[in-house]
Amino acid sequence: MSAPRAGPAAVARLGLTYVALVALGAIFSAPVVWMFSSSLHGLAGVFAQPFRWLPAPPHWENYVRAVTILPVPRFLLNTVIITAPVMAATLVSSALVAYGFARFRFPGRDALFALCLATMMLPGQVTMIPLYRLFAWLGWVDTYLPLIVPSLFGSPFYIFLLRQFFLTIPRDSEEAALIDGASRLRIWWSIVLPQARPAVATVLIFTFIGTWNDFFGPLLYLNSPEKATLTLGLNLMKTQVLGSGVVEWNILMAASLLVLLPNVILFFAAQRHFLRGLTMGVGK
Amino acid sequence: MKAEHRQGWLFVAPWALGFLLLTAGPMLYSLYLSGTSATLLSPPQWIGLENYRRMASDPLFYRSLGNTAAYAAMGVPAGLLLALGLALLLNAPVCGIGFFRTLFFLPSVTNTVALAVLWLWLLNPEFGLLNAGLRACGVEGPLWLQSETWAKPALVLMSLWTAGGQAVIFLAALQGVPRELTEAAAIDGAGPVRRFLAVTLPLISPALLFNLIMGLVGALQVFTQAFVLTGGVQPGSEGGPNQATLFIVLYIYKKAFQEFDLGYASALAWALFVIIVGCTALAWRLARERVHYEGGTP
Amino acid sequence: MLLLTGLLAGCGRPAADERIITYNCAASTSDIAALQLAAADFRARTGIELRLNPFSGEEKLYAMIAAGQAPDVFYTNGAVRDRLAAEGRLLDLRPYAEKDPLFARLRPEIRAAAASVDGGIYSLSNWTHTCGVYYDRAAFAAAGVPAPTADWTWDDFTAAARRLTTPAAPGARPARYGVYIPAHFIEALEQMNHAPIPRDALLLDLPPESREVYAAYLRLVHDGVMPDPRRVQAMGMQAAQLLQAGRVAMLVEAVPHPGLIETLTIDWGVAPLPCFGAKSPQYFRSASGGLSISADTRHPADAWRTLAWLIGEAAPYQPNPVLADADFAVAWEQKYPRLRGTGFREVWSLSEQHAGGDPRYFVRFASWSMAPVMTRLQPWLDRLWAGDATLDEVVAAVPGINAGVRADLARQARSTALRPAWKAALERALADAPH
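Protein chains in written order, with the numbering used here: chain A, 165 to 448; chain B, 27 to 324; chain C, 1313 to 1747.
Structure follows, in structure tokens:
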């Protein structure tokens, strides 16, 4: 019915796919297009009725202002200092724990796994203050430690995600390696993780986005202006105080887009790991 | 046998350690607070089950529960279906698919503040794009976030825009579906729908379970969008028109941080905890036989 | 570059015995730079180092207080101030204030609003404003409507609004509405109509004068001269944008309002609020939110000195309308020259000549019982705007609302965390309040 090679049906299907991709893509990219458009307006243009998608003339200087209004290099460095270790630690610790839950039988495993999931089900609003007191008691307030250290212990969300993926991997090659005398840790590293590549890519994308764009964590634990992350910096731009200034939404949008950019680049680079369909599918 | 136990324990040890050091204390403390009259800042006084008794006769508790249930009932299935559809579309082996995947993922990485401003503008009943479009079709659009009827659907609509995140997980799962299997089914004369149901769906069912559970947990704790979009400038107006978007976590926030009633907020949080655990356990049980693990049952 | 150096200033960790005062307040990037610059001068004169913590939020402040790491100086609004003070979390500023010349420089209503029920002072307002009607001069001229005068009445105001509304085809909405009054300014109108709103009232009251104002407000919407407040969803600058974009000809807003001044590029003027009939004007001036000092501060005298400096001297916050000794209108016009000839000076000086109503920013939103009252009243107001409830039904709901508020307050009064003076005041107020 739909042979992968040639044929009018296949062409029609391809055409339909592109129509769907373009139409839905337009809807899903609208926020960023709008942000881009707003970032090129004068301040009055952001809320003008009706909104003009093509600002004339475009205010490219907004981008210059966006990178000079804040000490961007400093904030960028701070954000990287937090994001890089969190990504590495989350992936390694979550993948270890997920493997433990997926492949071993030990007493209390199911109860522990249920407990692990349950920790995501109590709203953070009521555990926030005791947790803050704990970090304050450790003297970690106004340092990056409260933002980084928890990632060493794995995150229930990624543990659950990776467990689901590990369980779909057939055990044959692992069992063969075990017979060859390979250690469990070695099997985890050189057999399981490579086979779970799409899932690993997903975890890396999500942890990057989650940490890079995190607002509440840095807001809560950082005090000194020079320790701010990029999202805290963005928030400084929209703070309105009695007796001073207006929110420059156009500049804020320009800065938001610049903060967004690394997310987009990372995603574009990482999604290649979801391309098995292309390499194994239709021949040209 | 013994060695497997030990190894298993060692692998899960990082999480167990983190749980004991960072999570268990605050969780148990909040459970203790739910039995006290603690205000946000002062030492707690034990009052037993008083907070839970008060909750049983608190109309706003029921109102917020109903709102949350309605939001989850709309948002979870719609989000799953959309994400699955997107993932299937974005798994198509066509040129430039990486570009399109990135487009669909954009709302999921966009700064919440920017998104909120955009939505307020899109949904503005007087000047917004959505109602302008409806007006062009001769339909007078609703008040959206300012309407008791439409505020929840508007928030669901907004959540659907970030379906790209769930779609990525489905997309990752689809990579585990060998093309030979679907092609073999096609040669056997199975249509696309049948191929999807008989071959693809079972193989991605672990990811489906994940997205279902996390979707449920997320929807039952919905907070940020409602806080940002219908929070209101004035105290008391949080929770939207006639409290239509007063979700339970928003109510917890309001009790804890605006009314300083931490004891009662903790009781509400634990009630929600029990509800979420119950819903998750139910979903898990219902799904268990239908989820297929290629590596064997755990 | 100046911003950069400003932001990075004060990085080094000083020794523990240095006189460091931390100040937690919402600040924009330009505020931070300006404050750091001023703080260097302050340090040179006093030896006190001001450490700015510009990341603020309710949860953060409370977490810091709960962990014993409260900032020395921070912003509180009226309702929060009393709750924190009653639990002993704020320093009583009275001993410091009474000795400091700053206190005498404050406007009388600011001093009055600073006092809490136990006689203590737990915050000092760092900003105040009155209300006015901003209007589009070109729209007035085109419609042949004379510019508003200081003695205009509500009838003049509504007549002007009617003439300024462009006629719409049946079923459609006008391209320009005569006026927009954000709903949170209704209380300013209630005061203009002499509605008695007693200070520190714990229970909700909608006296006849208030009902008249609500009815007049609803009539504006019903007559099509004001957009439905739900439709406007004023957020951020959007109310000002309505005026800027020509969608409304008049807008009730705060005076002074720096954001509005910087947004409007049209030819605008500002007039005082209209009087209700022959009633004398009661130009409302707010005095609610302010700066507080943590009870845990290690350097109370230095913290006070910093607070007094922030309100009375720090360049970024000057000229400050809370100070009675300087001519604020003149200084403000120097800061914003385009205010000249707009009527700003007249509106401000009228507000100074009249005692005004209760100076707290929206009485019902600034008392101890704000949250219990508003949680129960707001749904009724939502239904009122939606046309799902009549004003009579809202008024009839007041006793039910108050019964709920009373139950909440009685529960609060049982808390052993309250300091005795506050507990007694709460119990007294509950006993005195009409059942």
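Glycine is no exception: its CB is placed at the ideal position from the N, C-alpha and C atoms. Keep in mind that this is a model prediction, so the values were computed, not measured.
Can you tell me whether C:T1473 is buried or exposed? The criterion is at least 16 other CB atoms within 10 Å of its CB, across all chains shown.
Here residue 1473 of chain C turns out to be Ala, not Thr, going by the sequence shown. Flag for C:A1473 reads buried.
Distance, Cα to Cα, B:W187 vs B:G244?
15 Å
Alpha-carbon to alpha-carbon, C:P1570 and C:Y1648:
9 Å
Determine the direct distance from the alpha carbon of C:A1607 to that of C:G1400, and round the result to whole angstroms.
7 Å
Using a Cβ cut-off of 8 Å (strictly closer), state whether B:V182 contacts chain A.
no
Since B:W35 meets chain A, which of its residues come closer than 7 Å, beta carbon to beta carbon?
F270
The ligand FMN and B:T128: does the residue's C-beta get closer than 7 Å to at least one heavy atom of that ligand?
With respect to small molecules bound, the structure shown includes none, and the ligand FMN cannot be examined in it.
Kindly indicate which three-state DSSP category B:E152 falls into: helix, strand or coil?
coil
Does the Cβ of B:E7 have 16 or more other Cβ atoms within 10 Å, making it buried, or fewer, making it exposed?
This structure does not reach residue 7 of chain B, given that chain B is present from 27 up to 324, and the question cannot be answered.
Between the alpha carbons of B:A109 and A:A220, how many angstroms are there, rounded?
37 Å
Grab me the residues of C:Y1489's own chain with a C-beta within less than 7 Å of its C-beta, minus the 5 sequence neighbours each way, in chain order.
T1477, V1537, M1538, P1539, R1559, V1560
Rounding to the nearest angstrom, what Cα-Cα distance links C:A1709 and A:V197 in this structure?
48 Å
Could you tell me whether the Cβ of B:E76 comes closer than 8 Å to any Cβ of chain A?
no
Helix, strand or coil at C:F1386 according to DSSP, with G and I counted as helix
strand
Among C:A1426, C:M1376, C:A1528, C:T1440, nearest to C:N1365 - alpha-carbon criterion:
C:M1376
Sorted by chain position, which residues of the same chain lie with C-beta nearer than 6 Å to B:A64's C-beta, five sequence neighbours on each side aside?
P70, L288, G289
Could you spell out where the alpha helix (DSSP H) holding B:P133 opens and where it closes?
123-135
Quick check: what's the CA-CA separation for B:W296 versus B:L57?
7 Å
Just how far apart, CA to CA, sit B:A113 and B:A193?
5 Å
Using the Cα positions of A:A363 and C:E1565, report the straight-line distance between them to the nearest angstrom.
53 Å
Rounded separation between B:M81 and B:V275 - CA only
14 Å
Going along chain A, which residues have a C-beta under 8 Å from B:S56?
L286, V290, T291, P294
Got a sec: is the Cβ-Cβ distance from C:F1596 to anything in chain A below 8 Å?
no
Any beta strand (DSSP E) of 3 or more consecutive residues that is wholly inside the stretch 1451-1511 of chain C:
1489-1492
Backbone secondary structure at B:V303 - three-state DSSP
helix
With DSSP run on the structure shown, which of helix, strand or coil describes C:R1417?
helix
Select from C:R1610, C:L1635, C:H1611 the residue whose C-alpha is nearest the C-alpha of C:L1622.
C:L1635
Between which residues of its own chain and C:C1587 is the CB-CB distance below 6 Å, once the five residues before and five after are set aside?
T1465, P1593
Residues of the stretch 1515-1532 of chain C whose Cβ lies closer than 9 Å to any Cβ of chain B, in chain order:
none
Counting only C-beta atoms, is A:W198 closer than 8 Å to chain B at any point?
yes
Buried or exposed for C:P1458, please, with buried defined as at least 16 other CB atoms from any protein chain shown within 10 angstroms of its CB.
exposed
Of all the residues that make up the stretch 265-299 of chain B, which are near chain A by a beta-carbon distance shorter than 7 Å?
V275, I278, Y279, A282, A291, S292, A295, L298, F299
With respect to the alpha helix (DSSP H) encompassing C:L1514, which residues constitute its N-terminal and C-terminal limits?
Neither: C:L1514 is in no alpha helix (DSSP H) and is coded neither H nor E.
When you compare the CB positions of A:T366 and B:A118, do they come within less than 8 Å of one another, or not?
no
Give the list of continuous beta strand (DSSP E) stretches no shorter than 3 residues that lie fully inside the stretch 165-214 of chain A.
none
Check the Cβ-Cβ distances between B:F236 and every residue of chain A, and say whether any is below 8 Å.
yes
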